[in-house]
Amino acid sequence: MKIDNPALFIEINDTNYIFIAGQYDEDQNFKVIEKITTLNSGIEKNKFISIDQANEEIKKNITIIEKKLNYIFKDVTVLIDNFYYSCINISGFKRLNGSQVFKENISYILNSLKLAVTESEKQKTILHIFNSKSILDGTRVENLPIGLFGDFYSHELTFFLIGNNDLKNIQKIFNKNNLNIKKIILKNFSEGAQLINQNKGVETFFKIKISKDVSHINFFEKASFRYSENFNFGSDIIFKDIEKICSLENEIIRKYLSNSIFNEKIFNQDEILEEDYFIKGNFRKIRKKLISDIADARINEIINIIFNKNINIESLKGNTIKIYLIIEDQQILESFKERFKFYICKNNEFEIYFINDFEIDELILNVANLSFYGWKKEAIPTTKIKKSLITRIFKSLFG
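Start counting the sequence shown at 5; every next residue gets the next number (the numbering used here).
So, in structure tokens, the structure goes:
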């Protein structure tokens, strides 16, 4: 790391490219010095549809930053939040029969797990690997039990993978701009790491984000990123249902919600929407309770799909687990905050924390630290592999 040389970070998300240049000072603190946000030209529905459009947009904005800083970038760290990726949790074991645990034992397990994943997922490439769980004779150990005696040792890894074609397209675009990709980092991983850094002692939690059109759930256990799932719906379906059933315009619904507090409010059957809301159309008698009931039913359904009835996360839940919940639409949050909380907690006493979405400047500071220092539970924080994968895993594990 050279403190005089700026570093380049680019986030690719559902709607934008975000270009950020920053610099480390003498105390190794990272500071953002330039930032540009543009539309993500050439990308549609989580796929590249035009490499030329994407390349032109990226080249144009990198050139602007380079001219401002009088510096030519040679490499880039890419933060992705829109391409489809998958995760696999897989365990391996070694029978010890009373002998010591050696590095070679763990080497055998890790090599077997890596081989199993690469052989079964030939159309995908590994982005991240996390050390999820180590168990010696039925007891979970936080550090690798090298030198300890036992009968049976098991080790679980979590792999996050991206499609080969998506990765090749990302690499092609930056290669066209003479940029070497240092690392590709999943934004959901970075956000979880930031929550852990900000909340000392909290390393196991769910993070749920409900945006307007999409939703996500992520799970961290003892600082290891263990699960992630995306959903192709968001809070806008609440408005769409009210629009459809009540034949109301979105503008009327939003105006009504902005003047009403739904949290913990019970409407009677006689309360109707006031005539003042029908500025552009003919007044119709719409019961407020109907609007409330429609929103209630849809929120219940959203939470059931993402969390309550999601069989993929059933084994990850605990009765007292923490849940960080982000609701992007502030009007939905203000009107229905307590309802979201009620449906998540109706069967369990989960700890719910409503948080704001992550600010990009603060997130990039965290990404810069992840890029430079790594993460304590990550076995391999890079996709561009010059050495063998297993060699890099061991470098991270054993130093």
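Every residue gets a Cβ at the ideal spot worked out from N, C-alpha and C, and that includes glycine.
This one's a predicted model, so the numbers in the text were calculated from it and none came from an experiment.
State the CB to CB distance for the pair residue i and residue j, rounded to an integer number of angstroms; the pair is presumed to be in contact (CB under 8 Å).
i      : j      : result
Ile307 : Ile249 : 20 Å between Cβ atoms; not a contact.
Tyr357 : Lys326 : 7 Å
Ile214 : Glu332 : 7 Å
Phe223 : Ile317 : 6 Å
Could you tell me the boundaries of the alpha helix (DSSP H) in which residue i lies?
i      : result
Glu255 : Asn254 to Ser262
Ile295 : Lys292 to Ile307
Lys176 : Asn168 to Lys180
Lys248 : Asp240 to Cys250
Taking just the CA atoms, how far does residue j sit from residue i?
i      : j      : result
Ala25  : Lys107 : 40 Å
Glu30  : Phe311 : 45 Å
Ile113 : Lys49  : 38 Å
Thr386 : Lys137 : Only weak support exists for where Thr386 lies, its pLDDT of 37 falling under 50; the value from the coordinates is given anyway. So the alpha carbons of these two residues sit roughly 21 Å apart.
Glu61  : Arg144 : 49 Å
Thr53  : Lys180 : Just to set this straight, residue 53 is Ile in the shown sequence, not Thr. Roughly 17 Å separates the two Cα atoms.
Gly403 : Ile298 : Caution is warranted here: a pLDDT of 47 is assigned to Gly403, below 50, making its placement in the model unreliable, and the coordinate value is therefore given only provisionally. Roughly 56 Å separates the two Cα atoms.
Tyr28  : Leu12  : 12 Å
Asp155 : Glu225 : 26 Å
Asn234 : Ile212 : 10 Å
Ser262 : Asn236 : 26 Å
Lys259 : Ile295 : 13 Å
Glu278 : Phe344 : 26 Å
Thr208 : Ala227 : 6 Å
Ile389 : Ile309 : The predicted position of Ile389 is uncertain, since its pLDDT is 40 and thus under 50; no value can be drawn from it.
Ile14  : Val82  : 5 Å
Ile94  : Ala120 : 9 Å
Lys98  : Ser232 : 28 Å
Ile130 : Ile270 : 50 Å
Over the uninterrupted beta strand (DSSP E) stretch that includes residue i, give me the two end residues.
i      : result
Val36  : Phe34 to Leu43
Ser90  : Tyr89 to Arg99
Asn147 : Run containing Asn147: none; DSSP gives neither H nor E here.
Ile212 : Phe209 to Ile214
Is DSSP giving residue i helix, strand or coil here?
i      : result
Arg343 : helix
Ser54  : coil
Ile356 : strand
Ser111 : helix
Gly403 : Caution applies to Gly403, whose pLDDT of 47 falls short of 50 and renders its modelled position unreliable; the model cannot decide the point.
Val371 : helix
Ala197 : helix
Ala227 : coil
Ile325 : coil
Thr122 : helix
Ile68  : helix
Glu433 : With the chain covering 5 to 403 only, the question about residue 433 has no answer from this structure.
- [ ] Would you check if the stretch 178–195 and the stretch 276–295 touch, i.e. whether three or more CB-CB distances between them fall below 8 Å?
- [x] no
- [ ] Mind the definition here: the stretch 66–74 touches the stretch 121–140 only if three or more C-beta pairs lie below 8 Å; say whether that holds.
- [x] no
- [ ] Indicate whether the contact test is met: 3 or more Cβ pairs, each with one atom in the stretch 146–165 and one in the stretch 94–109, closer than 8 Å.
- [x] yes
Open item on the list: Tell me whether the stretch 170–187 and the stretch 356–370 touch, counting them as touching only if at least three CB pairs, one residue from each stretch, are closer than 8 Å.
Closed with: Contact between the stretch 170–187 and the stretch 356–370 is absent, because fewer than three Cβ pairs lie under 8 Å.
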